[in-house]
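Just so you know, the sequences run in chain order A and B. Letter by letter, the first sequence follows residues 1 to 129 of our numbering. Letter by letter, the second sequence follows residues 1 to 362 of our numbering. Every residue gets a Cβ at the ideal spot worked out from N, C-alpha and C, and that includes glycine. Quick caveat, the model's predicted, so the values are computed rather than measured.
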Amino acid sequence: MSNIPSELKYATSHEWVRQEGNGVVTVGITEHAQDLLGDMVFVELPDVDDEISTGDDVAVAESVKAASDIYAPISGKVIEVNEDLEDSPELVNSDAFGAGWLFKVQLADEAELDALLDAEGYENSIDED
Amino acid sequence: MTNKTVLHAKHIEAGAKLVDFHGWEMPINYGSQIEEHHAVRTDAGMFDVSHMTIVDIKGSDAKAYLRRLVINDVAKLEVAGKALYTGMLNNEGGVIDDLIIYFFTETYYRLVVNSATRVKDLAWMNEQASGFDITITERPEFGMIAVQGPQAKAKVATLLTLEQTQAVEGMKPFFGVQAGDLFIATTGYTGENGYEIVVPEDQAADLWQKLLDAGVAPCGLGARDTLRLEAGMNLYGLDMDETVSPLAANMAWTISWEPTDRDFIGREVLTAQKAAGDQPKLVGLVFEEKGVLRTGLKVITPFGEGIITSGTFSPTLGHSIAMARVPRSVSLGDTVEVEMRKKLVNVKVIKASFVRNGKKVF
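Below, the structure written as structure tokens:
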């Protein structure tokens with residue numbers, strides 16, 4: 001079974017969200033998701049200052065096997081993207097919850113976080129897949 | 001029903017991720033398919049190819065039978081152990097399968113055909129056998145391990161007996177020799193040096209373990225696909241099938257037109273196709289920007305549309321490559337367009353060969 005940290009929030013589309021304080025969150029894809037996709041070869045990220053809304057396809061994770069859309073798990077403004085992924089997309093495989101993070105968002109509405117799954121809820125959603 | 005090779009337990013032991021491959025439960029990777037790919041390009045890796053089908057053809061008409069069955073001419077094989085890559089066509093000139101034929105004597109040949117096509121291949125071979133004095137015998141009692149990479153031969157050498165070492169010494173590419181219990185061939189599907197080793201089932205796990213201990217990396221079907229595609233080698237079912245002429249699949253070099261009186265299956269159709277010059281062709285595509293050319297994507301050229309038959313990310317080159325079937329008027333060096341994720345991108349047309357012996361070849 002994949003590692004699912006309990007301090008994070010999750011979307012059923014396999015993104016994770018970490019609260020960094022001051023209404024900022026970090027977004028990535030889960031270990032389960034990277035395991036399904038296999039070796040990552042390109043990661044296309046949104047641009048800094050992009051306004052994104054929950055459910056938008058905002059990034060693409062392209063693995064040896066397939067290209068997969070990544071959806072915004074929350075709404076807000078992109079304030080930083082993980083530039084290390086340009087040269088090292090494999091960080092998403094080796095450290096999905098850490099160095100493989102994708103982008104940071106200044107939330108439009110912190111209450112949106114309540115709509116996301118907790119670790120247990122995400123684990124149940126994977127089991128239903 | 002899922003088949004398992006004799007090495008199945010060894011794959012589980014090595015942490016393989018297993019997938020269904022045409023009815024066989026096979027390793028797709030043992031962690032990272034890109035690392036496995038690099039192991040083969042820079043050192044040595046091994047693949048369980050025990051699912052492939054070995055068929056021995058024996059009898060006084062073995063040579064005559066194969067001269068009819070396949071598009072290359074086994075009469076060219078005169079040295080014991082010499083191998084030949086070729087195709088087997090249906091009456092309409094479509095490729096039933098591609099295969100390797102090893103020559104032992106004019107009354108004894110060994111064929112290695114694809115596992116996914118095993119049932120139809122054997123049915124076709126048996127149907128064509130009428131009137132020939134031959135026996136067609138499948139050899140499922142063997143496992144097969146492909147050991148590939150610049151260090152593959154040296155690492156295998158540490159495991160061989162003196163007799164086996166002598167048997168393989170100086171063996172040229174595309175040969176096979178029975179050496180003790182092992183049939184060792186200088187063939188492969190990666191564009192690297194190495195061996196394909198046919199081993200009695202009860203010794204297969206032991207050989208696999210010894211290769212592991214010698215530092216050979218276990219590699220799955222994922223790496224096998226990126227390696228063969230970099231090498232420009234066709235995959236049956238993607239790059240060609242029963243509806244595709246060998247002329248449209250980069251297999252013209254495997255057709256022996258001479259002597260003109262050899263009546264191989266599909267000859268008439270191919271002769272007409274060649275005269276008409278209207279068959280599409282299989283070329284290589286290179287895309288050096290972000291994004292991966294995928295199987296099935298449309299190719300747009302000034303001469304009409306084509307299709308990507310196999311596309312992937314090339315771990316050796318760091319960008320995407322593909323094989324595509326395009327109109328014959330498209331030239332090497334041309335730029336054509338591919339429809340990728342709702343946008344058109346420019347890709348370069350080259351010969352379908354990208355990497356050999358660890359090096360870029362275009």
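### Task
Quick one: list the residues of chain A neighbouring B:G45, beta-carbon separation under 7 Å, in chain order.
Result: empty, since nearest Cβ-Cβ is about 15 Å, beyond 7 Å.
### Message
Counting only Cβ-Cβ distances shorter than 7 Å, please list the residues of the segment 329-342 of chain B near chain A, keeping chain order.
### Response
R341
### Message
Please state the DSSP three-state secondary structure of A:Y71.
### Response
strand
### Task
Classify A:D35 as buried or exposed, calling it buried when 16 or more other Cβ atoms lie within 10 Å of its own Cβ.
exposed
### Message
At the level of alpha carbons, what is the spacing between B:P315 and B:T226?
### Response
8 Å
### Task
Counting only the same chain and skipping the five closest in sequence on each side, list residues whose C-beta sits under 6 Å from that of B:K4.
E25
### Message
Counting C-beta neighbours from all protein chains within 10 Å, is the total for B:Q209 16 or more, i.e. buried, or is it exposed?
### Response
exposed
### Query
Closest Cβ-Cβ distance between A:N93 and chain B: below 9 Å?
yes
### Query
Quick one: which chain A residues come within Cβ less than 7 Å of B:K290?
F42 and E44
### Query
Using a beta-carbon distance below 9 Å, is B:I34 in contact with chain A?
yes
### Task
Give a yes or no on whether the C-beta atoms belonging to B:A83 and B:G23 are separated by under 9 Å.
no
### Query
What do you get for A:G98, buried or exposed, if any count of 16 or more other CB atoms within 10 angstroms of its CB means buried?
exposed
### Message
Quick check on this structure: which residue in A:T30, A:V25, A:N3 and A:I4 has the alpha carbon closest to the alpha carbon of A:S13?
### Response
A:T30
#### Entry: Bridge partner(s) assigned by DSSP for B:E242
Paired residue(s): none; B:E242 is not in a bridge.
### Task
Quick one: residues in its chain with C-beta nearer than 7 Å to the C-beta of B:D303, no 5 flanking neighbours on either side, listed in chain order?
For clarity, residue 303 of chain B is Phe in the given sequence; the question names Asp instead. Taken in chain order, the residues that qualify are P327, S329 and V330.
### Query
Distance, Cα to Cα, B:F362 vs B:N91?
36 Å
### Query
Candidates B:E192, B:Q164 and B:M52: which alpha carbon is nearest B:D121's?
B:M52
### Task
Classify B:Y109 as helix, strand or coil using the three-state DSSP reduction.
strand
#### Entry: chain B contact residues for A:D39, given Cβ-Cβ distances below 7 Å
S32, Q33 and I34
### Query
Between the Cα of A:L85 and the Cα atoms of A:A119, A:K9, A:K77 and A:S94, which residue gives the shortest distance?
A:S94
### Query
Buried or exposed: B:L271, going by 16 or more other Cβ atoms within 10 Å of its Cβ?
Contrary to the premise, residue 271 of chain B reads as Thr rather than Leu in this sequence. B:T271 is exposed by the Cβ-count criterion.
### Query
For a contact meaning CB atoms closer than 7 Å, what does B:T312 contact in chain A?
V64
### Task
Helix, strand or coil for B:R118, going by three-state DSSP, please let me know.
helix
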